[in-house]
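J.: Protein chains in written order, with my numbering: chain L, 3 to 190; chain Z, 5 to 394; chain D, 4 to 170.
Quick one: the structure is below, questions incoming.
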Amino acid sequence: MLGEGIVKGLAETARNFLGSFIEKDRLVTVQYPEERLPVVEAARMFPFLIYDGVDQEEGLRCVACQICEKECPPQCIHIEKSKDKKPDFIGKQQFYPAVFDIDVSVCMSCQICVEVCPFDAIRMDNEFELSTDDRFAGLLWPKEKLAMPNEHYLAIHPTEATEVEARRAEEKAQAEAKKASQPAAVAK
Amino acid sequence: MQPSDQVFVLLKHWLVGRSPAVMQPGVSILLTIVPILLIFPVLFAVTTVLERKGLGRIQNRYGPNRVGPYGILQPLADGLKSLTKEDIVPSSADRTVHFLAPLVLLAVAFLPYAVLPMGRNMVAVNLDSGVLFFFAIGAISELSVFMAGWSSRNKYSLLGAMRAVAQMISYEVPLLLSSIAVIMAAGSLSTVEIVEKQSGFSGIFPHWYVLTPWGFAGFILFMIAATAETNRSPFDLPEGESEIIAGYYIEYSGFKFALFFLGEYLGMFAISGLGITLFLGGWSAPLPFLTWVPSWIWFFGKLLGLIIGFIWVRGTLPRLRMDQLMNFAWKFMLPMALVVVVSAGAWRFLPQGVTRWLVSMVFIAAAYVLLARGVETRNKIAKRTYRFAE
Amino acid sequence: MSAPFIILAAVTLVGACAAMLLRGLVHCALALAVAFAGIGALYLNLGAQFLGLAQLLVYVGAIAVLIVFVVLLTRGGDSDSPPLSPAPRQFTGILVAGAIFAILAWAIFHSFAIHTPGMPAPQATIRQLGAALMESYALPLEVIGLMLTAALIGAVIVAMKEKQGTQ
């Protein structure tokens, strides 16, 4: 019969309309600023620089090798190498970045900088509320703003971070063992 | 007659009486027009929130709930936004016509309210031919839609305008024919008289035309045609966001777009008002013991009811295809409306009692069954032939 | 001559002149719609409600839209056609227009209504109009209805033939 389907459809929409007032779990919308879903561990938004210890300048893992700068597809990373050197976590003398800027508005969250970094110095943050009212200075993040403690990394990407930690501990142990054995060899 | 029923009429008389004699005609006209110009845009604002929240709930969403408590100030934000937006006119557009189109549409959208009785003694102009006036003015709105579509110099907007005009012309026929049934029964073209004819009661049932078999069918046909006339879903082909982006107002931005929107909703309210006047007894109460409620409350209550109906239908039905639209208009609506006219004639001349109920019902039911079968079986999809595309 | 009459007459005349003089065909059609609406308003101003509203409904709502549609479908809407008529044709046009005006003026000046000043203007209500159409003029009405139906069917047949031919 003509019109039967329309009546059925109207009943269905009415059921949904009334149901949304009675059953709260029908409403799947997350009221964003007040409510938020837990962030997925693999979520990535924008890179940050990891530093060990408490001092930002001292513990920064980055050695200003500029691989990420070269690999970055949209060319949003700008690095200037330092003139002097400082020891890294295994005591080796390394350069450090005098300037390290990333342009938020250009970055495309591809994570290539993370993939290529041989020093585990750059990782992706899951912070996504990056809006600002200053579209020039506010969107060009300097080294000071990019640097985050290693604890932050452990907090947001625990699985990946513990792996990295283990590897770094092993490297450090190897380096120390080498250092310990070298003087012995010389003595021989 | 309670004073609460006539409160606005008495207020107007009092204000007119207080003004100096020279200005009295002017004041009287002003006091008639200004409320209409204020109330219906406010109703438009309320309706946009209702519609967005209602559609949201139908789709299991919240709808707008940020501006003000429960989002009721949303239209204010929308209005401010459209006011501050840049007004863009395409460089190849016909500037004059492009500018005039929304103004014509809005003027035409406001005019029909002149003949709608919104309460007892509450009508701007009691024209002898009120219903005819309504349709005559409505006919002009087609021209404004065409102006908007043509002057934008955009293929989509032209397509939208063509669709709109074709649709409005097609659905005007059943709209007029279903109103003719009421005009025949009431014996008058005056909206005031039509409402007065329906304001009596027999037992507890009001004399509304919708409570007769032909009136019920006529009302359904009228509302379907009204939905098509006002380009609302499921007849929103002229706008068809997913097909032709926004149809004839694709090239309008800022406040001109808001004016179009306002015009469209005003048209919807006006045609709902006419439907109420013709079929739902205008301002008369539905039950005899409810006559103490002021008449204007009944009118606006019924109007709100029909608006909610429009929103409900919009949330339910998908958009029609062009050929379905035309088939439905000419192969179902038109013959059905003619049967309604005949049935109303039979009702008028048969003696009161069970016979005329039966005759009228049989007429309508038989026509419905036969025509519905025609509409349902004729949906074979033929191979498409292109005439101009070679 | 009252102020409303003068305003409405001016609107009608301006609309009519614009319909003749404008370049774009769609502009002409829209100007024609203005002229039609002006005439309808004049009828209303004279107290002929039914006539005025029918004028609006039929001429503005249907005829103007039809013209506009035809202009669009024949792609005449955006062609920059050369000036419409060479001089000889203009002369004929003026002659024809003058002749029609003269005939109409003659008819009006010789009508009995204008020579009997005391006669009140006939006030035809819609009810009277309807009764006249349905009673004394029932036959002409039916004949016109039949002719219009025939024309409608004819138009449909013409349209169908073309479709079959190109298949």
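Glycine is no exception: its CB is placed at the ideal position from the N, C-alpha and C atoms.
Computed from a prediction, not measured in an experiment: that's the story for all the values here.
#1: Under 8 Å between C-beta atoms, does G64 (chain D) make it to chain Z?
#2: Name the chain D residues that come within less than 9 Å of V169 (chain Z), Cβ to Cβ?
#3: How do the stretch 43-60 of chain D and the stretch 5-13 of chain D stand: do at least 3 beta-carbon pairs fall below 8 Å, yes or no?
#4: Exposed or buried, which one is T216 (chain Z) when buried takes at least 16 other CB atoms within 10 Å?
#5: Could you give the residue range of the alpha helix (DSSP H) that holds K201 (chain Z)?
#6: With 16 other CB atoms within 10 Å as the buried threshold, where does G21 (chain Z) fall?
#7: What would DSSP say about M150 (chain L), mapped onto helix, strand or coil?
#8: Could you tell me if F138 (chain L) is buried or exposed, where buried requires 16 or more neighbouring beta carbons within 10 angstroms of its beta carbon?
#9: Checking contacts by CB at 8 Å: is G61 (chain L) closer than that to chain Z?
#10: Beta-carbon of P7 (chain Z) versus every beta-carbon of chain L: anything under 8 Å?
#11: Just the chain Z side, please: which residues come within less than 8 Å of F39 (chain D) by C-beta, in chain order?
#12: Interface residues of chain L around A221 (chain Z) at Cβ under 8 Å?
#13: Alpha carbon to alpha carbon, what distance is there between S155 (chain Z) and G67 (chain Z)?
#14: For the stretch 139-169 of chain Z, which residues have a beta carbon sitting closer than 8 Å to at least one beta carbon of chain D?
#15: For the alpha helix (DSSP H) containing F4 (chain Z), list its first residue and its last residue.
#16: Applying a beta-carbon distance threshold of less than 9 Å, which residues of chain Z neighbour V30 (chain L)?
#17: Along the beta strand (DSSP E) that carries E82 (chain L), what are the first and last residues, could you check?
#18: Per the DSSP calculation, Q95 (chain L) is bridged to which residue(s)?
#19: Can you name, in chain order, every residue of its own chain whose Cβ lies under 7 Å from the Cβ of C115 (chain L), other than the five neighbours on each side?
#20: Using a Cβ cut-off of 8 Å (strictly closer), state whether V379 (chain Z) contacts chain L.
#21: How would you label P210 (chain Z), buried or exposed, when you count the other beta carbons within 10 angstroms and need 16 or more for buried?
#22: Determine whether the beta carbon atoms of A118 (chain Z) and V108 (chain Z) lie at a separation below 8 Å.
#23: Could you name the residues that DSSP lists as bridge partners for L282 (chain Z)?
#24: Quick one: give me the first and last residue of the beta strand (DSSP E) that D127 (chain L) is part of.
#25: Can you name, in chain order, every residue of its own chain whose Cβ lies under 8 Å from the Cβ of D91 (chain Z), other than the five neighbours on each side?
#26: Beta-carbon within less than 6 Å of P178 (chain Z)'s beta-carbon, same chain only, minus the 5 sequence neighbours each way: which residues are those?
#27: Using only alpha-carbon positions, find the residue among Z:S161, Z:F138 and Z:Y74 that is nearest to P94 (chain Z).
#28: When you compare the CB positions of V101 (chain L) and E82 (chain L), do they come within less than 8 Å of one another, or not?
#29: What residue range is occupied by the uninterrupted alpha helix (DSSP H) comprising L51 (chain L)?
#30: Give a yes or no on contact between the stretch 343-351 of chain Z and the stretch 171-187 of chain Z, applying the rule of three or more CB pairs nearer than 8 Å.
#31: Are at least three pairs of beta-carbons, each pair with one atom in the stretch 139-151 of chain L and one in the stretch 52-61 of chain L, less than 8 Å apart?
#32: What separation, rounded to the nearest whole angstrom, lies between the Cα atoms of F114 (chain Z) and L69 (chain D)?
#33: Counting C-beta neighbours from all protein chains within 10 Å, is the total for C2 (chain L) 16 or more, i.e. buried, or is it exposed?
#34: Going by Cα to Cα distance, which pick from L:P89, L:G93 and L:T31 is closest to K181 (chain L)?
#35: Please classify G80 (chain D): does DSSP put it in a helix, a strand, or coil?
#36: For the alpha helix (DSSP H) holding V20 (chain Z), just list the boundary residues, first then last.
T.: So, to answer that:
#1: yes
#2: V68, V71 and F72
#3: yes
#4: Per the 10 Å Cβ criterion, buried.
#5: T195 to K201
#6: exposed
#7: For M150 (chain L), the secondary structure class from DSSP, reduced to helix, strand or coil, is strand.
#8: exposed
#9: no
#10: Answer no: the Cβ-Cβ gap between P7 (chain Z) and chain L never drops below 8 Å.
#11: By Cβ distance, chain Z contributes nothing, its closest Cβ being about 10 Å from F39 (chain D), past 8 Å.
#12: Ordered by position in chain L, no residue passes the 8 Å Cβ test against A221 (chain Z), which lies about 12 Å from the chain.
#13: 35 Å
#14: F139, A140, I141, G142, A143, I144, E146, L147, F150, M151, W154, L162, M166 and V169
#15: Chain Z is shown only over 5 to 394; residue 4 (chain Z) falls outside these bounds and no answer can be derived.
#16: N64 and R65
#17: I79 to K83
#18: Paired residues: L:P89.
#19: P49, C70, E73, C74, I79 and I124
#20: At least one chain L Cβ lies under 8 Å of V379 (chain Z).
#21: Result: buried.
#22: no
#23: Bridge partners of L282 (chain Z): none, in fact.
#24: I124 to D127
#25: S257, G258, F259 and K260
#26: L225, A229, M337, L338 and A341
#27: Z:S161
#28: yes
#29: Unbroken run through L51 (chain L) is the beta strand (DSSP E), F48 to Y53; no alpha helix (DSSP H).
#30: The stretch 343-351 of chain Z makes contact with the stretch 171-187 of chain Z, as at least three CB pairs between them are under 8 Å.
#31: yes
#32: 25 Å
#33: The question about residue 2 (chain L) has no answer here: the residues shown for chain L are numbered 3 through 190.
#34: Minimum Cα distance to K181 (chain L) is reached at L:G93.
#35: Confidence is the limiting factor: at G80 (chain D) the pLDDT is only 48, short of 50, which leaves the residue's position unreliable, though a coordinate-based value still follows. Coil at G80 (chain D), not helix or strand.
#36: Annotation for V20 (chain Z): the continuous alpha helix (DSSP H) segment containing it runs V11 to R22.
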